[in-house]
Amino acid sequence: MSKAWYAVHTYSGFEQKVKTNIEHLATLEGFRDEVAEVIIPQETFVEVRGGKKRTTMRNLMPGYILVHIEPDEKVFDLVKKINGVSGFVGDGEKAIPLTQEEVDNLLRVSEEKAEKPKAEIRFRKGEQVKVVEGPFVNFVGMVEDIDIDKNKLKVMVSIFGRPTAVELNVLQVEPT
């Protein structure tokens, strides 16, 4: 038999624990050859907290992991008995393998997002922010507009007593 990719539904937030437990149990019960890979598709985010940039990982598909396994009942049972697994994605009766194209697409998106981390936008229109980087450092202003695609904010700051719109990267400001 040749290995196939399957999506496993997990309890949200249990993805890493399930991945670790599948790999551990496969080794303990002699199924290491049948379980080739366990992957959690993730993306990288950059956020600013307390004036410091922090890079964090977030699941692309919360509540799901991908497993590359032999399509064998014993292997399916091994995965299903892991705490935090609610089952395989399928038609209700049996697990349906993913196509290689679906897996390649998910892995490519995951790699692209890891190479180009996106800044997390936690601001709303009307929110007061402080500029922490760039030529307007220490200015305080109000968020006027948000461009999610470009990770930019239009912030109204007071320059020489006049409200002036400045475009800033979301990483250049923090909430006041």
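Numbering (our numbering), first residue to last: 13 to 188.
We treat Cβ as the ideally placed atom computed from N, Cα and C, and that holds for glycine.
Rounded to the nearest whole angstrom, the C-alpha separation of G153 and G75 is 38 Å. A distance below 7 Å separates the beta carbons of V30 and G96.
Using a 10 angstroms sphere on the CB of Y18, the tally of other CB atoms reaches 16 or more, which defines it as buried. DSSP places T39 in the helix class (H, G or I) of the three-state scheme. The distance from the Cβ of E139 to that of P187 is about 7 Å, consistent with a contact at the 8 Å cut-off. In this model, F135 and E46 are separated by some 46 Å (Cα to Cα).
Residues of the same chain with a CB within less than 6 Å of the CB of T68, apart from the 5 flanking positions on each side, are F57 in chain order. The DSSP assignment places 97-100, 140-143 and 152-159 as complete runs of the beta strand (DSSP E) inside the region 91-165, in order along the chain (cut-off: 3 residues).
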